[in-house]
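Participant: Okay, handing you the structure first.
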Amino acid sequence: MSTNHLSKETETRLIDFFTNSINPKDMAKTIRQINYILSLQVMKDFETMPGKNNIEYNFYCMNRLAEALDPYLEDQ
Numbered sequence: 001m002s003t004n005h006l007s008k009e010t011e012t013r014l015i016d017f018f019t020n021s022i023n024p025k026d027m028a029k030t031i032r033q034i035n036y037i038l039s040l041q042v043m044k045d046f047e048t049m050p051g052k053n054n055i056e057y058n059f060y061c062m063n064r065l066a067e068a069l070d071p072y073l074e075d076q
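Start counting the sequence shown at 1; every next residue gets the next number (the UniProt record's numbering).
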């Protein structure tokens with residue numbers, strides 16, 4: 001697994017976007033809903049798909065993003 005580092009300018013723009021443009025809780029909720037729906041559909045349509053590991057990794061990354069925006073599991 002490779003780690004990509006963002007430039008300072010990119011970090012600043014992302015922080016600005018997530019703090020001034022959207023509500024983090026709403027964005028996290030939307031990411032979780034879309035991630036769930038897309039993953040279910042892909043798994044249903046392509047049960048024996050060769051790139052399944054890539055889809056699982058993407059699902060994991062999107063959930064990590066949602067957790068970064070709103071730590072849902074931490075509050076339970």
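Yeah, the Cβ is synthetic: ideal placement off N, Cα and C, and Gly gets one too.
Note that the structure is a prediction, hence the values are computed from the model and not measured.
Determine the contact status of residue 100 and Ala66, defining contact as a CB-CB distance below 7 Å.
Facilitator: For residue 100 there is no data in the structure shown, the boundaries of the chain being 1 and 76.
Participant: Got a sec? Which residues, its chain only, sit under 8 Å from Asn35 by beta carbon, not counting five neighbours each side?
Facilitator: Within the sequence shown, residue 35 is the residue found at index 35, counting from 1. Here the set comprises Phe59, Met62, Asn63, Ala66.
Participant: Would you call Ala28 buried or exposed, if buried means 16 or more other Cβ atoms sit within 10 Å of its Cβ?
Facilitator: Walking along the sequence shown from the start, residue 28 turns up at place 28. Buried, since its Cβ has 16 or more Cβ neighbours within 10 Å.
Participant: What is the DSSP secondary structure of Asn23, reduced to helix, strand or coil?
Facilitator: Within the sequence shown, numbered from 1, the residue matching residue 23 stands at position 23. Three-state result, Asn23: coil.
Participant: Does any CB atom of chain C fall closer than 7 Å to the CB of Cys61?
Facilitator: No chain C appears in the structure shown, which is made up of a single protein chain.
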